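Chemist:
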Amino acid sequence: MFRHMPELFFNEGDLTLADEEIAEDYVDRVLPPSYPPGLAGLRQFVTLFRAGMPDVRYTVDHLTADDLIGEGDKVVQRLLARGTHSGELFGIPATNREIRWTEIHIGRYADGKLVEHWGNVDVLGIFQQMGV
7 MFRHMPELFF NEGDLTLADE EIAEDYVDRV LPPSYPPGLA GLRQFVTLFR
57 AGMPDVRYTV DHLTADDLIG EGDKVVQRLL ARGTHSGELF GIPATNREIR
107 WTEIHIGRYA DGKLVEHWGN VDVLGIFQQM GV
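In this text, residue positions in the sequence shown follow my numbering: the first is 7, and each later residue adds one.
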């Protein structure tokens, strides 16, 4: 499931599987501190991000097997993303520019559910492309 979460959550805005695939005590170490903890924060972030970049597309299909690595209870995934900044995002008014960036995510699983998430997102690259 970790492999498809970006596509389902961000590309489609479909969070219906989140309750089944993510643990109640989930910890997200990527979300800004102003967001609520856990799944509530993830839901809020996805909603606000999609409002600012509704055509966002995360791509994992063309990546190689080396871009999804599992060891023990952890999975690591590299992603490519693009979208048009057509609404307010992170307090920045729409620029209508197409933005492209990369991300690396680490998920830790217990009892078949995602319990912890870390990530590295090229936020500087996103802001530069927005003209900030």
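Cβ coordinates follow ideal geometry from the N, Cα and C atoms, glycine included. Here the structure is a predicted model, which means the values were calculated and not measured.
1. Sorted by chain position, which residues of the same chain lie with C-beta nearer than 8 Å to Gly137's C-beta, five sequence neighbours on each side aside?
2. Look up Thr53 in the DSSP assignment and say whether it is helix, strand or coil.
3. Does Pro12 pass the burial test, meaning 16 or more other C-beta atoms within 10 Å, or should it be called exposed?
4. In three-state DSSP terms, what is Asn17?
5. Please report the distance separating the alpha-carbon of Gln6 from that of Ile105.
6. Strictly by DSSP, which residues pair up with Glu109?
7. Hey, how far is the Cα of Gly131 from the Cα of Val33?
8. Note down, in chain order, each residue of its chain lying with its Cβ closer than 7 Å to the Cβ of Pro42, except the 5 sequence neighbours on either side.
9. Using three-state DSSP, classify Leu37 as helix, strand or coil.
Modeler: On the basis of the data shown:
1. Here the set comprises Thr101, Arg103.
2. It is helical.
3. When all chains shown are included, Pro12 counts as buried.
4. Asn17 falls in the helix class under three-state DSSP.
5. This structure does not reach residue 6, given that the chain is present from 7 up to 138, and the question cannot be answered.
6. Partner(s): Leu85, Val127.
7. Between the alpha carbons of Gly131 and Val33 lies a gap of roughly 26 Å.
8. These residues qualify, in order along the chain: Gln50.
9. In the structure shown, Leu37 falls within a coil segment according to DSSP collapsed to helix, strand and coil.
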